[in-house]
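Colleague:
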Amino acid sequence: MLRITFAFLLTSLFALAAIRLVSEYLYFNHGNYRRYFLPCGVALSTLVSAQEDVGFSLSSISSAGSMENIKLMRDNQAQFAILLGIFGAWAYEGSGPIRNPYKNFRSISAMWPNVEHFILRSDLVSDGGVRNISGIDGERFSIGMRNSGAEYTALYFRCPWHRL
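Residues 158 to 321, numbered by our numbering, are exactly what the sequence shown covers, in order.
Laid out in structure tokens, this is it:
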């Protein structure tokens, strides 16, 4: 995992070179999960800001996750973010929970495989398959932090025809 994180950070430094002329102070959004997004976001911001020849400073900002990151970039409160891959596609196309296309954003996606886990009471499922999710209407269902990638991905899988 450490090698993957290091490779990601090194690759990201090269990607950030493309935004050198945008601004002197840039803001980088990432989720606030202590085990993954927060350490990667802080490390990346620290590495970039320590470079003397990049021409900008990158400040790390915690957020609720991918959906909030897109909103903050659209409002120019952040210029760079970590996004779940599906959110980058939704933003670009204006699909899923994102109503209007947003094509001019900078992000890191697919830092590691993303697996969705849905934990349901045994009395709500018949065989443990994904098809059981659509049959839990009216039941309590924990889906993650507000505006997080987990929340919107869970809602998408639960009712993919629904535009939020």
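Using N, Cα and C, we set each Cβ at its ideal position, and we do this for glycine too.
Taking the straight line between their C-alpha atoms, what separation do you get for residue 205 and residue 198?
Modeller: When rounded, the distance between both Cα atoms is 11 Å.
Colleague: Short of 6 Å in beta carbon distance, which residues of its chain neighbour residue 249, apart from the five on each side in sequence? Order them along the chain.
Modeller: Correct list, in chain order: 260.
Colleague: In the DSSP assignment, what residue or residues form a beta bridge with residue 185?
Modeller: The partner list for residue 185 (beta bridge, DSSP) reads 217 and 237.
Colleague: Applying the criterion that 16 or more other CB atoms from any shown protein chain within 10 Å of the CB defines a buried residue, is residue 257 buried or exposed?
Modeller: So residue 257 ends up on the exposed side.
Colleague: If you draw a straight line from the alpha carbon of residue 228 to that of residue 262, how long is it in whole angstroms?
Modeller: Answer to the nearest angstrom: the Cα atoms are 11 Å apart.
Colleague: DSSP state of residue 227, grouped into three classes?
Modeller: Residue 227: helix per DSSP, three-state reduction.
Colleague: Output the boundary residues of the alpha helix (DSSP H) element that contains residue 250.
Modeller: Segment 242-250, the alpha helix (DSSP H) holding residue 250.
Colleague: Identify every residue that forms a DSSP beta bridge with residue 266.
Modeller: According to DSSP, residue 266 bridges with nothing at all.
Colleague: Determine whether the beta carbon atoms of residue 221 and residue 186 lie at a separation below 7 Å.
Modeller: Not a contact, by the Cβ cut-off of 7 Å.
Colleague: What number of angstroms, rounded off, separates the C-alpha of residue 303 from the C-alpha of residue 182?
Modeller: Each residue's alpha carbon lies about 28 Å from the other.
Colleague: So, at 7 Å on beta carbons, what are the nonlocal neighbours of residue 202 in its own chain, with the 5 sequence-adjacent residues on each side left out?
Modeller: The residues are 185, 215, 216 and 217.
Colleague: Going by C-alpha distance, which of 281, 211, 264 and 297 is nearest residue 231?
Modeller: For residue 231, the nearest C-alpha among the options comes from 264.
Colleague: Would you identify the three-state DSSP class for residue 308, choosing helix, strand or coil?
Modeller: In the structure shown, residue 308 sits in a helix (DSSP, three-state: H, G or I).
Colleague: With respect to the alpha helix (DSSP H) encompassing residue 199, which residues constitute its N-terminal and C-terminal limits?
Modeller: Its alpha helix (DSSP H) spans residues 194-207.
Colleague: Can the beta-carbon of residue 306 be found less than 7 Å from the beta-carbon of residue 241?
Modeller: For residue 306 and residue 241, yes; Cβs fall inside 7 Å.
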